[in-house]
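What follows is a single structure, written as structure tokens, with notes after it.
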Amino acid sequence: MNSSDIPKKDRALVLQGGGSLGAYEAGAYKALYYWLAKKDKEEGKENSSTFNIIAGTSIGAMNAAVLTSYFVENNTYEGSAEKLIEFWRYLSRQSLADTNPWFKFWWNGLHSMNKAFATGEAARRYYSAREFSLMGVPHVFSPLLPKLDSKFLDLYGNTWFRFSNEPLKRSLEKFAKFPIATSYEDNEPRLILVAVDVADGLPVTFDSYPKADGSRKTEYGRYISQKGNEIGFERIIKYDKGITSDHVMASGSYPVNFDYASLEVESYDPPHVDKERQKDQAGIEISQNDNVNTYNSYYKRKKRYFWDGGLMSNTPLSQLVLMHRNYWYQIKGVKEKVPTLGICVVNVHPTRQVQIPIDHDGVVNRNNDITFSDRSHRDEEILLLISDYIDLVRDLIKTGKENGVKDDAFNEVMNRQTKYHGQLLKPRKYKEIVEGTFDIAEIVRIERKNSENTISDKTFDFSYGTIEELLQNGYEDTMDTINNWRGSNVPQ
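Residue numbers (this note's numbering): 10 to 501.
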């Protein structure tokens, strides 16, 4: 690939999971898009893509799918913010507390007499969420028949109350066209989504860009090598036509509220064999007569189950950076530095809260925020540390060559196999670590703030009033972040 064809910088957007809080991301995206589009036009880059990559988990995956699908259909991001906001207004619904004109008045009266009582707005949110958690939301989720406890016969404490997210899937399909298959050659954004394999307990990442052979697939689990033959990863999910709504829903099936999502997966499943067979270093039984084709025939298609990606990676920053690097290095063949990444992360779960909660709902709320808040600062530190070490190695090689060390000596070291491979890593050489270096220009974080009106079940509150406020808060917080960051003005 010619160096002139490699962009200097790519923009990426990372969207967290958080149920109804996804409306905040829609408001944030509107401000981001308008500002970046204006900035690109002023710099004469109006034909460039506003976002080259959109990565999301759970409801963030659904927002990401709506935005990517819109671009594919219209060949532009123009109008995408309005489309995403339309999606969220379609999901919202008036609650009984919304329609009662005296509800907030009565609670505000109690709050004025004793601050221990909730404000009218907090009470509206609380009882709206309670209503929806019992009755469902027409375009989001609906209650299923409770699954009674047949194990301990504890009908009070161990009955499983579940919801169907089939209404949300239908809503998503109304606003996004599936399957979603994009490519760099067509100047289309890359869609990256994260789910969790329930049985393996591993993150699983779906990618709208093709592999080197043109296929689209996700490979995960242990990497299998037999008698010097590289077989492949233990699990393979193929989706050559693109990411489907099933993949998106797999990223958003949060336990215990929703049942498992299922996908067809090809799993390496060698047959049981006789005593003449032996085991290789990975502990898999093999025959002396087995060859690569035999091993490939051991892949069997089976249904596997998935949960919400937020359980393991609610802010999929590391997946984004590593997949970006792998695409340019492994698929595009860039040996030097891959395009620099400028990243914006939208956090819907506040990292910090000034006041320590003293009531049960407040404690549950704070626990939820800490559990799902942005932890990518640590990922960022590790990624930048790796980048520093790679730069160090490259500088040492350069210094060695300048001081007379022969190329053959360096080549011998660079072509050695790395020590740690064959488990969760594909076998590689040292040069594959040093080549294709990545770089992060900046990571801008937009974070939702808590107020005295926040509640623990906020992710269930799809009431019209709350969704509208989240849309507005996301827009205003993003404008504040941009103005503080660059001293620029976002169009009204």
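Even glycine gets a Cβ: it sits at the ideal position worked out from N, Cα and C. Remember, predicted model here, so these are calculated numbers, not experimental data.
Bounds of the beta strand (DSSP E) holding VAL453 are 449-456. In this structure, TYR229 sits away from TYR269, with a CB-CB distance that is not shorter than 7 Å.
The C-beta distance from LYS178 to SER254 rounds to 6 Å, short enough to fall under 8 Å.
For GLN235, the enclosing beta strand (DSSP E) begins and ends at 226-235. If you look at THR108, you'll find it isn't in any beta strand (DSSP E); it sits in the alpha helix (DSSP H) that goes 105-108. In the three-state reduction of the DSSP assignment, THR408 falls in the helix class. A check of alpha carbon separations from SER306 across ILE252, GLU243, TRP337, ALA74 identifies GLU243 as the nearest. For VAL23, the enclosing beta strand (DSSP E) stretches over residues 18-24.
Ranked by Cα distance from SER142, the first of ASP466, LYS92, TYR218 is ASP466. With distances taken between CA atoms, LEU100 lies nearest to GLY28 out of LYS47, GLU239, GLY28. The DSSP-derived three-state label of SER89 is helix. Annotation: ASN174 to VAL257 spans about 12 Å, alpha carbon to alpha carbon. As the crow flies, the alpha-carbon of ASP163 is around 39 Å from that of LYS309. Nearest to THR468 by C-alpha distance, out of ALA125, PHE112, SER137, ASP19, is SER137. Remark: three or more beta-carbon pairs, one from each stretch, lie closer than 8 Å, so the region 75-87 and the region 186-199 are flagged as touching. Within the same chain, and ignoring the five residues on either side of SER322 in sequence, the residues whose Cβ sits closer than 7 Å to its Cβ are THR66, VAL203, PRO212, GLN328. In its chain, beyond the 5 residues on either side, ALA74, VAL75, SER78 have a beta carbon closer than 6 Å to the beta carbon of ALA185. Distances from the CA of VAL146 to each of TYR473, ILE399, ASP486, HIS358 were compared; the closest alpha carbon is that of TYR473. For LEU119, the enclosing alpha helix (DSSP H) has its first and last residue at 112-122. Counting the other Cβ atoms within 10 Å of the Cβ of TYR263 gives 16 or more, which makes it buried. Per the Cβ contact rule, the region 117-130 is not in contact with the region 444-458 (fewer than 3 Cβ pairs under 8 Å).
For GLY241, the pairing in a beta bridge is given by DSSP as ILE233.
In this structure, SER224 lies away from ILE252, with their beta-carbon atoms at least 7 Å apart.
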